[in-house]
Amino acid sequence: MTAWDLIRFFIIWSTISTIVSFLGGLIVYRFLTFEMKIILTYCGAGTLFEFLNLYFRSRHLQSQPLVHILTIIEYVTLMTVFVLWQKEPLLRKILSLSIPIYVLVGAISFFNVENVHRFSIYTRPFAQLFIIVASAYTLYQINQEIEPRLFRKPQFWVSSALLIYFGSTLILWASLNSLLGLKLILLQKIFLLNEVANIVASSLILTGFLCMVPERN
């Protein structure tokens, strides 16, 4: 297997994992809580992005503007879920306030600060960092419960997925523009980290959807 074959393999499976996670959520939709339905919306946005990204690639068009838009959608949907899951009033208020602030700053940055045809080096890393903190703290709160039953809690699976994905790709996305000067094959190898992280995260989110199905007696 050549390097290109390996790259294509992970790109294909990353796309498939995103789609399967979304379809899995649709199948068990009637069992989902309001928070998990928002997560399903997040997965739907990711699925749409995958198809649009494939279309842009086939037309040899830049997909960076899509990433800017997806970043704002990601932050709004995910942070809304963490606000609903959060038990501490002060932290809930901080996370709630961060949503309109981020949308405003993200929109200003999108049109006036960052080049829409290059990857975000400010707003996306900031969003990832906030999501990492929220995910880690949610996992900490679950662990503090007397009877956590982790495997039956969607918060555990979703928070783990987001912590793994955004935690492992934070530095990658923050430095992506500086990596664009590398040879394409080397850049693709580095970006495999994003594909692998997405496969793992999508699998965990799918598990979060499936754990909502009531146990049979």
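For what it's worth, the working numbering labels the leading residue of the sequence shown as 191, then goes sequentially.
Note that the Cβ used here is the ideal one computed from N, Cα and C, for glycine as well.
Per DSSP, what kind of secondary structure is TYR312 in: helix, strand or coil? coil
Please list, in chain order, all residues of the same chain as LYS277 whose beta carbon is under 8 Å from its beta carbon, the five residues on each side excluded. GLN331
If we ignore side chains and look at the alpha-carbon of each, how far apart do ILE217 and ARG198 end up? 28 Å
For the 8 Å Cβ check, are there 3 or more pairs between the region 240-249 and the region 218-229? no
When you compare the CB positions of ALA351 and ILE395, do they come within less than 9 Å of one another, or not? yes
Contacts around ASN384, its chain only, beta-carbon distance under 7 Å, and the 5 residues preceding and following it disregarded: THR359 and LEU362
Report the three-state DSSP secondary structure of MET269 (helix, strand or coil). helix
Considering only C-alpha positions, which residue in the set TYR327, VAL257 and LEU268 is nearest to ARG314? VAL257
Less than 9 Å between the C-beta atoms of PHE239 and LEU213, yes or no? no
Own chain partners of CYS401 with C-beta closer than 8 Å, once the 5 adjacent residues on each side are dropped: PHE341, ARG342, LYS343, PRO344 and TRP347
If I'm right that LEU353 touches LEU329 with Cβ under 8 Å, what's the distance once you round it to whole angstroms? 7 Å
Leaving aside the five residues before and after ILE263 along the sequence, list all residues of the same chain whose C-beta is less than 6 Å from its C-beta, in chain order. ALA235
Assigned exposure category for VAL271 - 16 Cβ within 10 Å defines buried: buried
Got a sec? Which residues, its chain only, sit under 8 Å from ALA391 by beta carbon, not counting five neighbours each side? ALA351, LEU352, ILE354 and TYR355
Which residue comes first and which comes last in the alpha helix (DSSP H) that contains SER288? 279-298
Contact set for SER207: own chain, Cβ-Cβ below 7 Å, skip 5 residues either direction: ASN388, ILE389, SER392 and SER393
Determine the extent of the alpha helix (DSSP H) in which THR237 is found, giving its start and end residues. 224-248
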